[in-house]
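Chemist:
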Amino acid sequence: HFDQENAEISQRMSDPSTSPISEYCNYLRDEVLLDRIRSAWSSGQSVFVAYGSGHAIKLEPALRQLVDI
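For the sequence shown, our numbering assigns the number 325 to the initial residue and increments by one for each residue that follows.
Right, here's the structure in full:
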């Protein structure tokens with residue numbers, strides 16, 4: 325339960341640079357995104373992904389391998 329009166333604490337708790345739990349959640353999100361992109365790409369679908377730049381930067385090397393760039 326997050327205290328809405330203290331948004332700063334809630335924001336700090338969700339910041340991946342300061343929270344190991346949030347950092348791991350981001351990692352899992354990236355893994356799921358990559359899996360979904362791979363699945364769509366391998367089935368011949370055209371893929372367009374709009375997501376935060378941090379996730380795009382982390383996924384870029386794997387995506388380059390996927391499309392042989």
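Where is the CB? At the ideal position from N, CA and C, for every residue including glycine.
Note the first and the last residue of the continuous alpha helix (DSSP H) segment covering Glu-355.
Modeler: 344 to 366
Chemist: In angstroms, rounded to a whole number, what distance separates the CA positions of Arg-353 and Ala-331?
Modeler: Spanning the two alpha carbons is a distance of roughly 23 Å.
Chemist: Pick out whichever of Pro-385, Leu-357, Ala-386 and Leu-390 has its Cα sitting closest to the Cα of Ala-374.
Modeler: Leu-357
Chemist: Exposed or buried, Ile-361, counting other C-beta atoms within 10 Å across all chains shown (16 or more means buried)?
Modeler: buried
Chemist: Can you tell which of Gln-335, Ser-343, Ile-333 and Glu-347 has its C-alpha closest to the C-alpha of Gly-378?
Modeler: Glu-347
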